[in-house]
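K.L.:
Pasting a structure below so you can have a look.
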Amino acid sequence: MELFLQQFLPKFNVWGILFLDREKNQETLKLLDMAPHMREDIIRSIDVVDYVETIQDMMSWGDMWVFGKDVKGTELYIKIAMGQPSAHTICISFHIAEHPITYAFK
Numbered sequence: 037m038e039l040f041l042q043q044f045l046p047k048f049n050v051w052g053i054l055f056l057d058r059e060k061n062q063e064t065l066k067l068l069d070m071a072p073h074m075r076e077d078i079i080r081s082i083d084v085v086d087y088v089e090t091i092q093d094m095m096s097w098g099d100m101w102v103f104g105k106d107v108k109g110t111e112l113y114i115k116i117a118m119g120q121p122s123a124h125t126i127c128i129s130f131h132i133a134e135h136p137i138t139y140a141f142k
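Just add 36 to the spot in the sequence shown (first one is 1) and you have the working numbering.
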């Protein structure tokens with residue numbers, strides 16, 4: 037988990053991140069009155085205590101890493117992946133949690 041963050045964050049800072057344009061991701065931005073670029077700051081602030089689970093390689097982007105984050109008193113569900121080498125990282129999910137989140141290290 038820590039190794040993933042140590043590899044993900046520098047890659048994210050160099051190559052950027054691709055946010056999938058899913059309806060619930062867009063709706064979350066509207067509901068929380070967030071500018072799209074604010075997602076990047078939230079992802080940069082992810083720490084080990086925010087970790088939920090790892091989902092094995094679903095779509096050739098590598099394993100999906102799930103985190104939760106409290107933003108404006110609302111719990112967000114964030115699913116990210118390393119992506120392909122020498123390319124942007126991926127954010128599949130960035131939306132209000134649909135169920136209570138159980139954190140692995142909280």
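The beta carbon of each residue, even a glycine, is placed where N, CA and C say it ideally should be.
(1) Does the separation of the CB atoms of VAL102 and VAL85 fall below 8 Å?
(2) SER129 and TYR113 look like a contact to me (Cβ under 8 Å); what is the Cβ gap, rounded to whole Å?
(3) Report whether the distance from the Cβ of LYS115 to the nearest heavy atom of the ligand ADP is below 7 Å.
(4) State the CB to CB distance for the pair ILE126 and TRP97, rounded to an integer number of angstroms; the pair is presumed to be in contact (CB under 8 Å).
(5) Using DSSP with H/G/I as helix, E/B as strand and the rest coil, what is ILE137?
(6) Out of ALA123, MET100, MET37 and ILE91, state which residue places its alpha-carbon closest to the alpha-carbon of ASN49.
(7) Between which two residues does the beta strand (DSSP E) carrying ASP106 extend?
(8) Quick one: what does DSSP say ILE82 is sitting in, helix, strand or coil?
(9) Specify, as a first and last residue, the run of the beta strand (DSSP E) that LEU54 falls within.
P.N.:
Taking the definition as stated:
(1) In the sequence shown, residue 102 corresponds to position 66, counting from 1. In the sequence shown, residue 85 corresponds to position 49, counting from 1. No; because the gap between Cβ atoms is not below 8 Å, this pair is not in contact.
(2) As a working note, residue 129 is residue 93 in the sequence shown. As a working note, residue 113 is residue 77 in the sequence shown. Contact holds; Cβ gap of about 6 Å.
(3) This structure simply doesn't include the ligand ADP, nor any ligand for that matter.
(4) Residue 126 sits at position 90 when you count from the first residue of the sequence shown. Residue 97 sits at position 61 when you count from the first residue of the sequence shown. Right, the Cβ-Cβ distance comes to about 5 Å (below 8 Å), so this counts as a contact.
(5) Translated into the one-based positions of the sequence shown, residue 137 becomes position 101. Looking at ILE137 - three-state DSSP - the assignment turns out to be coil, as it is neither helix nor strand.
(6) By 1-based counting over the sequence shown, the position of residue 49 is 13. Among ALA123, MET100, MET37 and ILE91, the Cα nearest to that of ASN49 belongs to ALA123.
(7) If you number the sequence shown from 1, residue 106 lands on position 70. Element bounds for ASP106: 100-107.
(8) Stepping through the sequence shown from its first residue, residue 82 is reached at position 46. Three-state result, ILE82: coil.
(9) For this step, residue 54 is matched to residue 18 along the sequence shown. 53-55 is the span of the beta strand (DSSP E), which, as asked, contains LEU54.
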